[in-house]
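The structure appears below as structure tokens.
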Amino acid sequence: MNVSRNLKLMLMKLGRKGHDVSLIQEQRYSRDYDSVYSRYKLTFWIEGEKKNKKTGEKKKCKVPDTYEFNSAIELLQYMVVRANE
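Here my numbering is used: the sequence shown runs in plain steps of one and ends on residue 400.
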């Protein structure tokens with residue numbers, strides 16, 4: 316199974332459904348296991364309001380809603396469920 320291709324297809328499907336979404340893949344070294352592992356961050360950008368602390372003024376902006384996954388399979392499962400909503 317080509318995971319990176321499937322991730323790209325699911326990102327396209329989510330984008331076509333109207334979601335503003337981004338995906339970041341990090342590779343990190345684990346001293347405990349002496350190996351490299353991947354971590355994925357899936358971020359949905361949602362319209363929201365941000366309040367200026369000094370002036371109290373509110374303005375519309377995009378607020379991140381981030382989910383982290385340690386395995387590509389878990390990420391794909393979540394993306395499939397979210398795309399089929």
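We treat Cβ as the ideally placed atom computed from N, Cα and C, and that holds for glycine.
Every value quoted in this text rests on a predicted model; they were computed, and no experiment measured them.
In summary, Met327 is exposed, with fewer than 16 beta-carbon neighbours lying within 10 Å of its beta-carbon over all protein chains present. When only Cα atoms are considered, Leu322 and Glu341 end up about 15 angstroms apart. When secondary structure is reduced to three states using DSSP, Tyr393 falls in the helix class. Residue range Val336 to Ser345 is occupied by the beta strand (DSSP E) that includes Ser337. For a cut-off of 8 angstroms, the C-beta gap from Tyr355 to Phe384 is around 4 angstroms, short enough to register as a contact.
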